[in-house]
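The letter at position 81 of the sequence shown is residue 68 when you use this note's numbering, and the numbering goes up by one with no holes.
Built from N, CA and C at the ideal position, the CB exists for glycine as well.
Computed from a predicted model, the values in this text were never measured in an experiment.
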Amino acid sequence: GGSLYLREGASAPALTTVVSDLYLYEGASAPAVTTVGGDLYLYEGASAPALTSVGGNLTLRKGASAPAVTTVVGGLYLHEGASAPAVTTVGGDLTLYEGASAPALTSVGGDLTLRKGASAPAVTSVVGDLYLYEGASAPALTSVGGKPAAQLSVDDGHD
């Protein structure tokens, strides 16, 4: 199936399921959508308040929010000020930028990238690699790539 693009200010009030990808641009809304089978892109001011599940990647641009999403099968990419407060598990990679929030997230199935100043306060395990930039924190992290965090070595790039 094809992707659905809701441009600036557009609305699809009765739509409940999108089999493929969904793009919601600034000010667009899909208030009844509960499931997106592919990727979901939410831009600033866009809303999908009933959405609970994303079958692909979820990308929230600056200031966007997906308040009811609990499961992301693919990766989760939260830009500055974006919020996914109910997500507990991400099957793919997680990238958080400064001011982004995913406070309930505990498990990442791929790589974890915390950009400058970002925090993943509840993440306890990362299956893939860990990339922490200046001021980033993951205080609850106990396992990376199947290894206990205490066994990880830090490579500062100097010999």
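- A direct Cα-Cα distance of roughly 20 angstroms separates Ser112 from Gly43.
- Beta-bridge analysis with DSSP links Val60 to no other residue.
- For Tyr28, the enclosing beta strand (DSSP E) stretches over residues 27 to 29.
- In the displayed model, Leu101 falls within a strand according to three-state DSSP.
- Per DSSP, reduced to three states, the secondary structure at Tyr84 is coil, with no helix or strand assignment.
- Contact check for Ala37 and Ala55: beta-carbon distance about 6 angstroms, within the 8 angstroms limit, so the pair qualifies.
- Apart from the 5 residues on each side of it in sequence, Lys49 sits with its Cβ closer than 6 angstroms to the Cβ of Glu31, His66, Glu67, Gly68 in its chain, given in chain order.
- If you ignore the 5 residues before and after Tyr28, its C-beta comes within less than 6 angstroms of the C-beta of Tyr10, Thr46, all in its own chain and listed in chain order.
- For Leu119, the secondary structure class from DSSP, reduced to helix, strand or coil, is strand.
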